[in-house]
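Participant:
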Amino acid sequence: KSRKNILFLVADDMRPDLGVYRSGDPVIHTPNLDALAGKSLLLKKAYVQQAYCSPSRTSLLTGRRPDTTHVYDLIHYFRKSGGNFTTIPQYFKDRGYNSIGMGKIFHPGQKASDFDDPISWSRPYFHPDENEAYRGRSHSWRAVSKDEYNDKPLPDIQLANKAIEVLRQVGPAAKRGEQPFFLAVGFYKPHLPFVFPEEFLSLYPPENINLPKNGYIPAHMPPIAWSKYWELLIYKDISELQVSGQPNTSLPRDVVRSLRRAYYSSISYIDNEVGRVLQELKMLGLEDNTIVSFLGDHGWQLGEHGEWCKHTNFEDALHAPMMIHVPGITDRGIITERLTEFVDLFPTLVESAGFTPLSLCSEVNSTQTILCREGTSLMPLMKNPT
Amino acid sequence: RKWKSAAFSQYPRYLNGLLVMGYSVRNERFRYTEWVQFNRKPSFKPKWNILYGAELYDHTTDPGENYNRANEPEYHDHRVTLM
Numbered sequence: 043k044s045r046k047n048i049l050f051l052v053a054d055d056m057r058p059d060l061g062v063y064r065s066g067d068p069v070i071h072t073p074n075l076d077a078l079a080g081k082s083l084l085l086k087k088a089y090v091q092q093a094y095c096s097p098s099r100t101s102l103l104t105g106r107r108p109d110t111t112h113v114y115d116l117i118h119y120f121r122k123s124g125g126n127f128t129t130i131p132q133y134f135k136d137r138g139y140n141s142i143g144m145g146k147i148f149h150p151g152q153k154a155s156d157f158d159d160p161i162s163w164s165r166p167y168f169h170p171d172e173n174e175a176y177r178g179r180s181h182s183w184r185a186v187s188k189d190e191y192n193d194k195p196l197p198d199i200q201l202a203n204k205a206i207e208v209l210r211q212v213g214p215a216a217k218r219g220e221q222p223f224f225l226a227v228g229f230y231k232p233h234l235p236f237v238f239p240e241e242f243l244s245l246y247p248p249e250n251i252n253l254p255k256n257g258y259i260p261a262h263m264p265p266i267a268w269s270k271y272w273e274l275l276i277y278k279d280i281s282e283l284q285v286s287g288q289p290n291t292s293l294p295r296d297v298v299r300s301l302r303r304a305y306y307s308s309i310s311y312i313d314n315e316v317g318r319v320l321q322e323l324k325m326l327g328l329e330d331n332t333i334v335s336f337l338g339d340h341g342w343q344l345g346e347h348g349e350w351c352k353h354t355n356f357e358d359a360l361h362a363p364m365m366i367h368v369p370g371i372t373d374r375g376i377i378t379e380r381l382t383e384f385v386d387l388f389p390t391l392v393e394s395a396g397f398t399p400l401s402l403c404s405e406v407n408s409t410q411t412i413l414c415r416e417g418t419s420l421m422p423l424m425k426n427p428t
Numbered sequence: 053r054k055w056k057s058a059a060f061s062q063y064p065r066y067l068n069g070l071l072v073m074g075y076s077v078r079n080e081r082f083r084y085t086e087w088v089q090f091n092r093k094p095s096f097k098p099k100w101n102i103l104y105g106a107e108l109y110d111h112t113t114d115p116g117e118n119y120n121r122a123n124e125p126e127y128h129d130h131r132v133t134l135m
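First to last, the protein sequences are chains Z and R. Counting from 1, position 109 in the first sequence corresponds to residue 151 in my numbering; the numbering is continuous, with no gaps. Counting from 1, position 46 in the second sequence corresponds to residue 98 in my numbering; the numbering is continuous, with no gaps.
1. Of the residues Z/P247, Z/W183, Z/Y119, Z/T291, which one's Cα is nearest the Cα of Z/F238?
2. Hey, Z/M56 and Z/I312: beta-carbon distance below 8 Å or not?
3. Would DSSP call Z/C351 helix, strand or coil?
4. Going by C-alpha to C-alpha distance, which of Z/S65, Z/Y63, Z/G80 sits closest to Z/I366?
5. Provide the residue(s) that pair with Z/L83 in DSSP beta bridges, ordered along the chain.
6. For R/Q89, which beta-bridge partners are listed by DSSP?
7. How many Å lie between Z/P389 and Z/K324 at the Cα?
8. Can you grab the Cα-Cα spacing for the pair Z/L85 / Z/T382, in whole Å?
9. Are the CB atoms of Z/V285 and Z/G345 nearer to each other than 8 Å?
10. Using CA atoms only, rank isn't needed, just tell me which of R/G69, R/R83, R/F96 is closest to Z/S123.
11. At 7 Å on the CB atoms, spell out the chain C contacts of Z/L337, in chain order.
12. If you measure beta-carbon to beta-carbon, which residues of the region 108–126 of chain Z are closer than 8 Å to chain R?
13. Select from Z/N74, Z/T409, Z/V52, Z/N47 the residue whose C-alpha is nearest the C-alpha of Z/G138.
14. Below 7 Å on C-beta distance, what does R/R64 contact in chain Z?
15. Compare the beta carbon distance of R/V88 and R/V72 with 8 Å and say whether it is the shorter of the two.
16. Assuming contact is defined by CB atoms lying nearer than 8 Å, are R/E124 and Z/P260 in contact in what I supplied?
17. Going straight from the alpha carbon of Z/S141 to that of R/E126, what length do you get?
18. I'd like to know whether the C-beta of R/S95 is nearer than 8 Å to at least one C-beta of chain Z.
19. Ignoring anything shorter than 3 residues or poking outside the region 194–257 of chain Z, list the beta strand (DSSP E) runs there in chain order.
20. Given that a residue counts as buried once 16 or more other Cβ atoms are within 10 Å of its Cβ, and exposed if not, what is Z/K231?
21. For Z/Y331, tell me which candidate among Z/L275, Z/A215, Z/I147 has the shortest Cα-Cα distance.
22. Taking contact to mean at least 3 C-beta pairs separated by less than 8 Å, is the region 358–374 of chain Z in contact with the region 329–343 of chain Z?
23. Starting from Z/R184 and walking both ways along the beta strand (DSSP E), at which residues does that stretch end?
24. Taking a cut of 8 Å between CB atoms, which residues from the region 100–112 of chain R lie near chain Z?
25. Near R/T112, which residues of its chain fall below 6 Å by C-beta distance, leaving aside the five closest residues on each side in sequence?
26. Does the distance from the C-beta atom of Z/L283 to that of Z/P265 stay below 8 Å?
27. Start and end of the alpha helix (DSSP H) containing Z/T110?
28. Would you grab the beta carbon distance between Z/T72 and Z/T104 for me? Rounded to a whole angstrom, and I think it's under 8 Å.
29. Please specify which runs of the alpha helix (DSSP H), each continuous and at least 4 residues long, are wholly inside the region 284–355 of chain Z, giving them in chain order.
30. If you reduce the DSSP assignment to three classes, tell me which class R/V132 lands in.
31. For Z/E240, I'd like the list of residues in its chain whose CB is within less than 8 Å of its CB, leaving aside the five on either flank, ordered along the chain.
32. With DSSP as the reference, identify every bridge partner of R/L108, one or two as the case may be.
33. Which first and last residues belong to the beta strand (DSSP E) in which Z/I117 is found?
34. Do the CB positions of Z/E273 and Z/L301 come within less than 8 Å of each other?
35. Show which residues of chain R have a CB atom less than 8 Å away from the CB atom of Z/P422.
36. Which of the three DSSP states is assigned to Z/S101 in this structure?
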């Protein structure tokens, strides 16, 4: 019997401000992700294990918590610091899948992931051309004109194009039941700087952009809970404001509104690129035999508490979007508000693809165990979401 | 089977040359965090008795996490349970 394919979609720094979550203010325009959620298990209370890219990604991709991977920063690589753990793409590669990765799945770089953890993939990894014009530190956000991005394609547009190209290559063999694919597409936005096609700005007129309801630090907050949002302060347009990053010294209101507007526009831009990939999956007739997961690697603070970026344990930093479409099981859409964790994804994908459930890791020490889980399969929530 | 009743997260901070780990537990009602000293190598274990701060947010009345209740007497029993 042929296995189901897996399309594994990740967005960088995307908090659950999607239309289907109704959490944004204003409601965010994400028709493609809303449609995917409408035929998926939508996890409305999914929490990451650490609100930082590499620790969170390493955790969810290995199914282990940071205290097992020993990855708490962007420098350490789990195979050297924690153990030689099997990752999600590696698991499927080892079982005959054509495992293909592109964009930001593992945190990139030699130190963090030995350049995207080569053992996880069946073929060389793809990175789009990250044009310097789109990644400089002069501006925290920028709306790019059509002429400019047609001339110099934005990285996430390149990524969606590549994903479509790969689907066309591997789709026929998968459809014939010869070799299923595991295709991981890691979009770079809405991560700073918020760079997006200018047409998405029109979805969010300035007069519709509100300030956060909780603009000050929590009463009686211990100082150690605070992060000075250095990731935002490095941009010239922000550093010129002479803000310190200290508690209750947030940005001018017009800057807060502009950043929120740009972040929302970036989410809608990524939604559009995800939609192009999903449309191709449908056009190729692969939709009914492909599991699709989508997640943001952690949340993001958009001025709530006067805080920005991630790097905290506040709800806005730890709460992230996650949804899983399993053909034949979630087609009518299932919403759950039960508490779930990103370490739950690995065992869920294994089970939903029809493999033997993973064993629970030893509570004492699992560093020598190559394959086990610290999370729980979400499959029971597909049957009983309450 | 019974579904899990909590989600766990953590975040490290450096403070005067020491590593402090904020361990956070979220259940249906609360988010509770303890910032404790953390030994990196070789044990990778927290020292639960060396506390640098605690946060308790009641999401039924305060979804925006605006009031830290960790030291309020009426929340003492909830805090003990979450600890």
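Virtual Cβ for every residue (Gly too), placed ideally from N, Cα, C.
Facilitator: Quick look at the numbers:
1. Z/W183
2. yes
3. strand
4. Z/G80
5. Z/I366, Z/I376
6. R/V72, R/K99
7. 26 Å
8. 7 Å
9. no
10. R/F96
11. The question asks about chain C, but that chain is absent: this structure's protein chains are Z and R.
12. P108, D109, H112, Y114, D115
13. Z/N47
14. Contrary to the premise, residue 64 of chain R reads as Pro rather than Arg in this sequence. Residues of chain Z passing the Cβ test: Y114.
15. yes
16. no
17. 53 Å
18. no
19. 223–228, 236–239
20. buried
21. Before going further, note that residue 331 of chain Z is Asn rather than Tyr in the sequence given. Answer by Cα proximity: Z/A215.
22. yes
23. 183–186
24. Y104, G105, A106, E107, Y109, H111
25. R81
26. no
27. 108–111
28. Incorrect: roughly 29 Å between the Cβ atoms, too far for contact.
29. 295–325
30. helix
31. A185, V186, S187, K188
32. R/Y84
33. No beta strand (DSSP E) holds Z/I117; DSSP gives it neither H nor E.
34. no
35. R53, W55
36. helix
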